[in-house]
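Okay, structure first, notes after.
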Amino acid sequence: MRRWRLWLLMAPALALLLAIFAAPLMHYLWLSTQAQSVLTGLKPVPIGAQQWLRLWNDGRFWQDTWQTLRFSAASVSLEMLLGLAVALLLHQPLCGRSLLRTISLLPWALPTTVMALGWRWIFNDPYGPINQLLAVLGLGAMPFLSNPNVTWLAAVGADTWKTTPFVALLLLAGLQTIPSDLYEAAALEGATAWQSLRRITLPLLTPYLLIAVLFRLAQALGVFDLIQVLTGGGPAGSTESLALYAYLNAMRFLDFGYSATLLLGSFAILLLLCGTAALVWRWSSRLQGELR
Amino acid sequence: MIPPRALRRWALLLVALVGSLSLGLWGLATERVEPVSVLMPAPFADATAELVSAFNRSHPRIALRVTRGPLETEAVSDLAISSLLLGESSYDLLLMDVSWTPKYAAAGWLEPLDAWLGPDALADLAPGADLGNAFGGQLWRFPLLADMGLLYWRTDLMEAPPRTPAELVAISRRLQREGRVPWGYVWQGKQYEGLSCVVLELLRGFGGHWLVDNEPQLDSPAAIAATGWLQDLVRQGITPAAVGNMGEPETLQLFQAGDAAFMRNWPYAMAELNKPGSPLRGKVAFTTMVSEEGEPHAATQGSWGFSLLAGSTHKAAAVEVLRFLTSADAQKQLNLRWGYTPTRLSVFEDPELLAANPALGDLQQALAAAVLRPLSPVYAQLSDLLYREVNTSITGDQPASTAMRQLQLNSERLLRSSGGEG
Amino acid sequence: MARMLLLLWSLGPMLWQLYSSLRPNEALSGMGTGGWTLEHYRQLLQSDPPFLTTLLNSVVVGASSTALTLALAVPCAYALSRLGRRQARALSALVAAAAAFPAVLLFLALLELARDWHLANQLLALSLPYAGLCLPLAILLLTAAFADIPIELEEAALIEGMGLWQRLRWILLPLMAPAIASSGLLVFLFSWNEYPIALTWLSRSDLLTLAPAMARIAGSSVYTIPYGAFAAATVLGSAPLILLMLLFQRQIISGLTQGAIKG
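Going down the list, the protein sequences come from chains A, B and C. To convert, count from 1 in the first sequence and add 175; that's our numbering. To convert, count from 1 in the second sequence and add 1032; that's our numbering. To convert, count from 1 in the third sequence and add 39; that's our numbering.
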């Protein structure tokens, strides 16, 4: 089919994609050099690099960056471990496997805000089921949602519960591409399950592991729904994420210029982390290829 | 015989006539009742429910509907802003906290009330309650209920309350040494708006100001002294370190259990402390906050009032609602039934109320000493910077001067980058 | 054994919500011995606005977003699958990156869009940003499915003199049906669960979709232990999606899996 016709077919979709993804980022770039807040009557006024200076010196921004990174690292690591375990489990030929697969995917299908409401109850001190269980076991109650040192872990737990199935499904797809005769050959040579996991499964699963990590990392760095409904950023701002801070600046403080700066800053951090991860993978896989 | 086409034509005409007639009649009928929609935080919606039904009964041409907003103060504002930002206004009146009014006014969402309420609209207001409603030469809000920060003291532990910070410390130390109370003074030190209220009172008491001509004055000696004093309270053990996590409920709980000689809180606490069965019933009085010699005894003013939204299509009816709900009778009922502090002078001096609640006179005096949080549209962000910094200094080791200097820089940067002159 | 653990882990929280939603508040806070009650559900269904309205709103947004996304994604995916390898790879990489992008970062620009173009508080208008956000995943899925169709089939059709539309209608789309169904379901699921954009574009309570409506319920209670009502809201909010998952499990799972392998 002629080349230009193909591009014509793609044009509407590509136009919408540019409008939804590229245009906002360009807009933020411009807006971050403006003051647009309630003090300017919500109209943009150019001020050069003031917003970026403010961002650099903003303790709350750096605190939120640290909190978001900490949340993402913990959440993604936990999801990968649990996801791999679940994928391995679902890979076994068992009866009721497909039903189990569907049930294990249910957490992912629910809206985050709906289940966040549920988690507020589950983590409730002292009436939620977890604290009731701790009480029955004779342990003290755990202030999941009111202790700044613990609440972020509760958020990680809730996030892991929701996204592990997605990772598991991804890895399961990868597992299904590994030919089973590799395992049979290894078993003949006397390899244990652990060894075949290390030598066969993990290396062949690497591309899928990496896609899962990159995807989940990008999503986790933008965590918003869960934090807003579960904790509102508290207690004492200890769970506030970058996205929530940017949102508050626009919708509560009516400071659009600074909100755009924060969003761009978050995007830069996202690009830095995911870009580094992707490059490291490319470099390491090329290295592996050369070694072979 | 009439030809069928003509018959059809006549039938169509008849239907059209009847249709438009009934539409017109229906329109006339519904035009009779004007809907007015008000957004209030849940507690106030409950408290005014009786007033609302009374209004609807006595004003058949106006249908007043109250939307019961969220419990949390900030959440109510978020709800209103979410529709105002989109250019829609589902409400005609908003019950506004005093610290939001400049923001909403600057964003152009409020209708000035001067034309509607007349030039002496604020005439009947008690001194202190009139603050925060008119600025920039226009009236933006009419206050319904007032609050002010108070220093509570134990009448069974001392003869008279302290009037200077040094006196407070001295009395606390003595009582603690004698083992009468484990702690001297509890206040709200959590990282939230309540801490800003605490700091403001003290700041004025030490002779300082938060904003002067839209310029922050937070690295002044007075500001450093005020923060330093709060820090010392914690360091010297007069205030528990847990104060960094305390809001109003927690301080009340501690004071009510008899564990502190002094508490800073709002008027509602008095009613709680004097409830039957309370261990401190009859043993507590309140006064204004301590201050240095020659400086005013300040009470941070909090108040809720009604504002008319610029986008409302039923302004006249809404103003009638406003008049009714803020009338002397309405305020009297709110005080008698629910214990809210009124704003009208006539209500404060009402003999029936004074008989039922003798402390009302003291509250009026405290209100006269009210100080307002800065009337800046970016107050929320300034407050955010302040309470974070102060909370960090009372829970950490940083000297007050460094903290305040940092706060000053941050505040200046905020004002500069959000379009204010800095 | 491990299977039991997995079942418990996946279903536990939801079953607890179901249990809590049927108990009166006193029982939940340990102050009474309780019994069972449907009070929370009654309150929820009779609230203002009625819960069913919220569900209907989500259905409208979901359906319109799905239709728009598919209408744009199918031709684009077809073209992409027929494009030269190098160009297609570069484009696919960009599209894949867009699929991972957290949508919340776009909320400010989209808010200004809604303000300036009066798109706020209109359910159908919401399908525009949603389609944009779902396009990457839909394109990836459909491109892979198109690529699976052997080119000979199309060439045979070409020889027979079929134009593009005829080829699409009679040959390609029937073969693509499973992939289209999967993409459609994933788009529908996304629209149901999306929160930040709906939060900023919809302010009228009778127009809210499920996710922001839930968040409003979360912020609104005056009671000390409101969790019976919260649990009921969680159950009612999850029920449609659970139903959707159970009915269409195969399509949804294969969609995700295919997206993973080929993406």
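We put the beta carbon where it would ideally sit given N, CA and C, even for glycine.
Between Leu181/C and Ala216/C, the alpha-carbon positions lie close to 10 Å from each other. Within the model, the alpha-carbon separation for Val1403/B versus Lys1222/B is close to 21 Å. For Glu1066/B, the uninterrupted beta strand (DSSP E) run begins and ends at Glu1066 to Pro1073, by DSSP.
Among the CB atoms of chain B, none fall inside 8 Å of the CB of Gly294/C.
Here Glu1143/B is not near Ala1348/B, since their CB atoms are 8 Å or more apart.
Those residues of the segment 1113–1128 of chain B placed with their C-beta closer than 8 Å to a C-beta in chain C are Ser1114, Ser1115, Leu1117, Leu1118, Gly1119, Glu1120 and Ser1122, ordered along the chain. For the segment 158–178 of chain C, the set of positions with a beta-carbon nearer than 7 Å to some beta-carbon of chain B reads Ala159 and Asn160 in chain order.
Here the segment 1281–1291 of chain B does not lie against the segment 1161–1181 of chain B, with fewer than 3 beta-carbon pairs under 8 Å apart.
Around the beta carbon of Thr451/A, fewer than 16 other beta carbons lie within 10 angstroms, which makes this residue exposed.
Spanning the alpha carbons of Gly1240/B and Arg1267/B requires a straight line of approximately 23 Å.
A distance below 7 Å between beta-carbons, with the five flanking residues on each side excluded, links Leu214/C to the following residues of its chain, in chain order: Ile188. Those residues of the segment 100–117 of chain C placed with their C-beta closer than 7 Å to a C-beta in chain A are Leu111, Ala112, Pro114, Cys115 and Tyr117, ordered along the chain. Counting C-beta pairs with one atom in each stretch, the segment 389–398 of chain A and the segment 248–259 of chain A have three or more that are closer than 8 Å, which means they touch. Lys1135/B belongs to the set of residues whose beta carbon lies under 8 Å from a beta carbon in chain A.
Residue state for Arg1097/B is assigned as strand, using DSSP reduced to three classes.
Not a single unbroken stretch of the beta strand (DSSP E) spanning 3 or more residues falls wholly within the segment 221–293 of chain C. In this structure, Asp1124/B and Ser1339/B do not form a Cβ contact; the two beta carbons are roughly 10 Å apart against a cut-off of 8 Å. Going by C-alpha positions, Pro88/C is about 21 Å away from Pro235/C. Within chain C, the residues placing a beta-carbon under 9 Å from that of Glu1104/B are Gly258, ordered along the chain. Scanning the segment 1239–1291 of chain B from its first residue to its last, the whole alpha helix (DSSP H) runs of 4-plus residues come out as 1253–1267 and 1280–1288. When CB distances to chain C are screened at a threshold of 9 Å, the residues of the segment 343–368 of chain A falling below it are Leu344, Leu345, Leu346, Leu347, Ala348, Gly349, Gln351 and Thr352, in chain order. Per the Cβ contact rule, the segment 277–291 of chain A is in contact with the segment 40–49 of chain C (3 or more Cβ pairs under 8 Å).
Thr1319/B is bridged by DSSP to Leu1183/B.
Residue-level contact check: Gln1223/B touches chain A, since one or more beta carbons of chain A fall below 8 Å from its beta carbon. The beta-carbon of Ser242/C is placed less than 8 Å from the nearest beta-carbon of chain B. Around the Cβ of Ser1323/B, a 10 Å sphere holds 16 or more other Cβ atoms; the residue is buried. The beta carbon of Pro268/A does not come within 8 Å of any beta carbon belonging to chain C, so the residue lies off that interface. Under a criterion of Cβ atoms nearer than 8 Å, no residue of chain B is adjacent to Ala148/C; the nearest Cβ is some 14 Å distant. Asn1442/B is a Cβ neighbour of Asn232/A, given a cutoff of 8 Å. Using a C-beta cut-off of 8 Å, the segment 196–212 of chain A makes contact with the segment 140–152 of chain C, since at least three inter-stretch Cβ pairs fall below that distance. Inter-residue distance for Ser1310/B and Val1316/B is about 11 Å (C-alpha atoms, whole angstroms). Cβ-Cβ separation between Ala333/A and Ala361/A: approximately 38 Å, too far for a contact (criterion under 8 Å).
Close CB contacts of Ala1398/B within its chain, under the 7 Å cut and outside five residues either way in sequence, are with Met1180, Leu1182, Thr1320 and Ala1331 (chain order).
Taking a 10 Å sphere around the C-beta of Arg180/A, we find fewer than 16 other C-beta atoms and assign the residue as exposed.
Residues of the segment 417–431 of chain A with a Cβ closer than 7 Å to any Cβ of chain B, in chain order: Met426, Arg427, Phe428, Leu429 and Asp430. Residue pairing for Phe1294/B: DSSP places it in a beta bridge opposite Trp1185/B and Tyr1217/B.
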